[in-house]
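Remarks on the structure that follows.
Protein chains in written order, with this note's numbering: chain A, 1 to 195; chain B, 1 to 163.
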């Protein structure tokens, strides 16, 4: 749920990166953080364990620029991917405007992808959202690994509704901004429709 | 959508700032923030430039969400007040009108008792303003009138953001 502030002429939107543990959600945000000009970003916050696994969420505020005199701000969040942090994941989905599902292309993570996607759909429903109706993008991450499954197979099982999807290698940054741009665009188009 | 769009207008923004500026003085606080439950900063008064307000807003909302989850686990609706005590500075966090989070940062020039007392009074006033704001948004939606800034947005506008 975006927040439009006429007083300060700002519009704020929330994007959540979802996906199985170690799929590269935090890496996506880290890359965006590294490559964004200092005046366009805030501090990146990572609530992580000592072994750098996300415990609650990562948070990165971005100011993309102005549309029609309104400052456009996007707040990027990741969820903790590990299965047992489900209660935290539900909290982070509150008020979401758009979702990026980061899939791990490795064959041995196939089941984890399916499970996480089911979990996303379920948790959204619980918050009163429908995954088929909100701005939603899929990213097939880790395309550079030798055990990556063919995109066609991933697409068939993870993207039956044909939402926009992107191949990526978050560690090197490939596909990271394409994904972000696509979800931001869907959110803005959705806002326009809502008017 | 799970909940209606949050919209803030100039008039209500001024009213809100009057209330929290008064609270800042009466509670002897250093900074006061109002944050949406989704983590968006609504307004802040006092020594705001000393703090990373965006991060503060996001973490406060995460904090409220996490304690809200705890509350539900033990059969409570929510914990409406949180208090964090530091060596010098303290945070008093409370939920206003079930929707907005009021954060008061204060040091030893004030006291928890005073802050609690003043927050209670200010909360009542803020609740009235936010109720009015919600009503206004609903009425606008019903009547179909909108001054929505993005209605005329073009694909070029969106693409320009990323250039």
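All residues carry an ideal CB built from backbone N, CA and C; glycine is no exception. As the structure is a computational prediction, the values presented were derived from the model and not from experiment.
Measuring alpha carbon to alpha carbon, tell me which residue in the options is nearest residue i.
i, options, result
"residue 17 of chain A", "A:139, A:35, A:189, A:112", "A:139"
"residue 128 of chain A", "A:107, A:96, A:173", "A:96"
"residue 9 of chain B", "B:136, B:109, B:85, B:40", "B:136"
"residue 32 of chain B", "B:89, B:7, B:77", "B:89"
"residue 161 of chain B", "A:181, A:57, A:31, A:76", "A:181"
"residue 77 of chain B", "B:86, B:85, B:87, B:66", "B:66"
"residue 5 of chain A", "B:51, B:42, B:155", "B:42"
"residue 35 of chain B", "A:3, A:29, A:49, A:21", "A:3"
"residue 82 of chain A", "A:119, A:169, A:132, A:189", "A:119"
"residue 55 of chain A", "A:159, A:8, A:78, A:150", "A:78"
"residue 46 of chain A", "A:8, A:116, A:33", "A:33"
"residue 184 of chain A", "A:50, A:64, A:44, A:115", "A:64"
"residue 105 of chain B", "B:115, B:99, B:98, B:58", "B:115"
"residue 89 of chain A", "A:57, A:1, A:52", "A:57"
"residue 1 of chain A", "A:68, A:53, A:124", "A:124"
Where do the N-terminal and C-terminal ends of the beta strand (DSSP E) with residue i fall, by residue?
i, result
"residue 72 of chain A", "70-78"
"residue 67 of chain A", "54-67"
"residue 136 of chain A", "136-141"
"residue 8 of chain B", "6-8"
"residue 4 of chain A", "3-5"
"residue 18 of chain A", "10-18"
"residue 98 of chain A", "98-104"
"residue 211 of chain A", "Given a span of 1 to 195 for chain A in the structure shown, any question on residue 211 of chain A remains unanswerable."
Which residues share a DSSP beta bridge with residue i?
i, result
"residue 94 of chain B", "B:81, B:102"
"residue 46 of chain B", "B:31"
"residue 119 of chain A", "In DSSP, residue 119 of chain A forms no bridge with anything."
"residue 41 of chain B", "B:35"
"residue 196 of chain A", "Absent from the structure is residue 196 of chain A, since the part of chain A shown begins at 1 and ends at 195."
"residue 41 of chain A", "A:62"
"residue 148 of chain A", "A:106"
Going along chain A, which residues have a C-beta under 8 Å from residue i?
i, result
"residue 38 of chain B", "1, 3, 14, 94, 95"
"residue 143 of chain B", "Simply none; closest approach about 14 Å."
"residue 6 of chain B", "1, 2, 3, 4"
"residue 123 of chain B", "The premise fails here: residue 123 of chain B is roughly 20 Å from chain A at the closest Cβ pair, so nothing lies under 8 Å."
"residue 13 of chain B", "5, 6, 7, 8"
"residue 10 of chain B", "6, 7"
Tell me whether the beta-carbon of residue i lies closer than 7 Å to the beta-carbon of residue j.
i, j, result
"residue 20 of chain B", "residue 64 of chain B", "no"
"residue 40 of chain B", "residue 129 of chain B", "no"
"residue 37 of chain B", "residue 61 of chain B", "yes"
"residue 147 of chain A", "residue 107 of chain A", "yes"
"residue 36 of chain A", "residue 100 of chain A", "no"
"residue 74 of chain A", "residue 62 of chain A", "yes"
"residue 123 of chain B", "residue 28 of chain B", "no"
"residue 21 of chain A", "residue 170 of chain A", "no"
"residue 192 of chain A", "residue 153 of chain B", "yes"
"residue 175 of chain A", "residue 166 of chain A", "yes"
"residue 163 of chain A", "residue 122 of chain A", "no"
"residue 98 of chain A", "residue 189 of chain A", "no"
"residue 46 of chain B", "residue 30 of chain B", "yes"
"residue 127 of chain B", "residue 96 of chain B", "yes"
"residue 177 of chain A", "residue 58 of chain B", "no"
"residue 7 of chain A", "residue 13 of chain B", "yes"
So residue i contacts chain B; which residues on that side make the cut at Cβ distance below 8 Å?
i, result
"residue 42 of chain A", "52, 54, 55"
"residue 192 of chain A", "150, 151, 153"
"residue 56 of chain A", "62, 66"
"residue 72 of chain A", "161"
"residue 181 of chain A", "162"
"residue 68 of chain A", "149, 150, 152, 153, 157"
Interface residues of chain A around residue i at Cβ under 9 Å?
i, result
"residue 156 of chain B", "Chain A residues near residue 156 of chain B: none, gap ~10 Å exceeds 9 Å."
"residue 59 of chain B", "45, 47, 59"
Let's see if you can read the secondary structure: which residues bound the alpha helix (DSSP H) around residue i?
i, result
"residue 124 of chain B", "112-143"
"residue 210 of chain A", "No answer is possible for residue 210 of chain A: the residues shown for chain A start at 1 and end at 195."
"residue 65 of chain B", "53-73"
"residue 83 of chain A", "Looking at the DSSP string, residue 83 of chain A is not in any alpha helix (DSSP H), and its letter there is neither H nor E."
"residue 161 of chain B", "155-161"
"residue 35 of chain A", "25-35"
List, in chain order, every chain A residue whose beta-carbon is nearer than 7 Å to that of residue i.
i, result
"residue 71 of chain B", "Those do not exist, as residue 71 of chain B stays about 12 Å from chain A at its closest Cβ, beyond 7 Å."
"residue 65 of chain B", "91, 94"
Whose Cβ in chain B lies nearer than 7 Å to the Cβ of residue i?
i, result
"residue 87 of chain A", "69"
Cβ closer than 8 Å: which chain E residues qualify as neighbours of residue i?
i, result
"residue 65 of chain A", "Within the model displayed, chain E is absent; protein chains A and B are what it includes."
For residue i, go through chain B and note every residue whose CB falls closer than 9 Å to its CB, in chain order.
i, result
"residue 196 of chain A", "Beyond the ends of chain A as shown, which are 1 and 195, falls residue 196 of chain A; an answer cannot be given."
"residue 188 of chain A", "150, 153, 157, 158, 161"
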